[in-house]
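Working notes for the structure below.
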Amino acid sequence: MFKTIEISDHQLVPKYSLDWAKACVSDGKDLNYLFFWGHTNNAPRLTKVCFSQWWRCGFEVDGRIYNCAEQYMMAEKARIFGDMKILQAILQETDQKTIKGLGRKVRNFDEAIWDKLKYAVVIKGNYHKFSQNKNMRDFLLKTEDAVIVEASPYDRIWGIGLKESDLDAQDPFSWRGKNLLGFALMEVRDELR
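The sequence shown runs 1 to 193 under the UniProt record's numbering.
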C-alpha cells in the first residue's frame, strides 16, 4: 500500500510562488529554470514532458487508480463540490481532454473555494504520481533545485503564459501566468527528498 498524504494547511499556502521567484531575482539569486510543456513523448527515454498533468501513468490514491494527474485533479474537483455524476464520468474516462472538459461541468462549483484548494489538490495528486513511479521520481529528483516552469503560452494559472523560446520566459517579472504547476512540482520534489 502506498503512503497517503493529506491536504494540510501548509499546502494551502504555497511554499513557492511567483512572488517567491520575483523575490529571489530581486535578491540577486541566479535561478536555474527547467521549462516543460506538452504531454507526448516519442523519445525512447523519459523526458520532462512527464511533468504534465496529462502525462499517462497509473497511480493509486485511497484505493483508486488514476491514469493521469489531470484525472485525479478533476475527480477531486467533482468530489469537493459533491457532483457524483460528473465524478463517475471522470473516473471512467481515459482521454485527458475529455476529462478536463468534464471538470468544467462540475455542478455547485464555487471558484473561491476551488482557488483555495486547487494547489493542494495538485500537490497531492503529483506526490502520488511521482512517488509510485520510480523512474519519474528519480527524474524529478534529478532536477535538484531548478525552478520548474510550465512554459505554456495558453495557460496563465498553471503555466507562465509564455513559450520557453520567448525571451521573457527567463524573467519571472515578465511572466504572464502564475506557474502553479511548476511550483507544485517543486513542493512534491521537496516532499520526496
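For glycine and all other residues, C-beta sits at the position ideal for the given N, C-alpha and C.
- Residue 160 carries a coil assignment under DSSP once its states are collapsed to helix, strand and coil.
- Per DSSP, the continuous alpha helix (DSSP H) segment holding residue 137 begins and ends at 134-141.
- Taking a cut-off of 8 Å on C-beta distances, the stretch 92-104 does not touch the stretch 148-166, as fewer than three cross pairs fall below it.
- Membership of residue 93 in any beta strand (DSSP E) is not indicated, and neither H nor E is assigned to it by DSSP.
- Comparing alpha carbon positions, the residue from 185, 88, 156, 24 closest to residue 142 is 185.
- In the DSSP annotation of this structure, the continuous segment of the alpha helix (DSSP H) that includes residue 192 starts and ends at 180-192.
- Within the DSSP secondary-structure output, residue 154 pairs in no beta bridge.
- About 7 Å separates the beta carbons of residue 182 and residue 147, which is inside the 8 Å limit, making them a contact pair.
- The continuous beta strand (DSSP E) containing residue 64 extends over residues 64-66.
- One alpha carbon belongs to residue 155, the other to residue 172, and they sit about 15 Å apart.
- The stretch 52-60 and the stretch 77-91 do not touch, with fewer than 3 CB-CB distances between them shorter than 8 Å.
- If you draw a straight line from the Cα of residue 192 to the Cα of residue 131, it is about 7 Å long.
- By the Cβ criterion, the stretch 28-40 is not in contact with the stretch 104-112, since fewer than three pairs of Cβ atoms, one from each stretch, lie closer than 8 Å.
- The straight-line gap separating the alpha-carbon atoms of residue 71 and residue 28 is approximately 39 Å.
- Around the beta carbon of residue 14, a 10 Å sphere encloses 16 or more other beta carbons of the protein chains shown; the residue is thus reported as buried.
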